[in-house]
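Novice: Before I ask anything, here is the structure I am working with.
What follows is the structure, given as structure tokens:
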């Protein structure tokens, strides 16, 4: 089976309210980039062609 021909989906769970953190962790920044964007880039670089993100601590 050719790995390049097989689509790979990534699932990013970013639904925490971050009460102890002081705000939504997904929106916190490192080097001017939101953590959620860094995670998306890692999934894409890892070969995920489809990404699904779960957000919203309260639905």
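Residue numbers (our numbering): 2 to 60. Here a beta-carbon is modelled for each residue, glycine too, at the ideal position from N, C-alpha and C.
1. With H, G and I counted as helix, E and B as strand and the rest as coil, what does DSSP make of residue 18?
2. Closest to residue 17 by CA distance: which of 8, 28 and 9 is it?
3. From the DSSP output, in three-state form, read off residue 29 for me.
4. Check the C-beta distance from residue 55 over to residue 15 and give it rounded, since I have them as a contact under 8 Å.
5. How would you write the range of the beta strand (DSSP E) that residue 55 sits in, first residue to last?
Specialist: The answer reads as follows:
1. coil
2. 28
3. coil
4. 7 Å
5. 51–56
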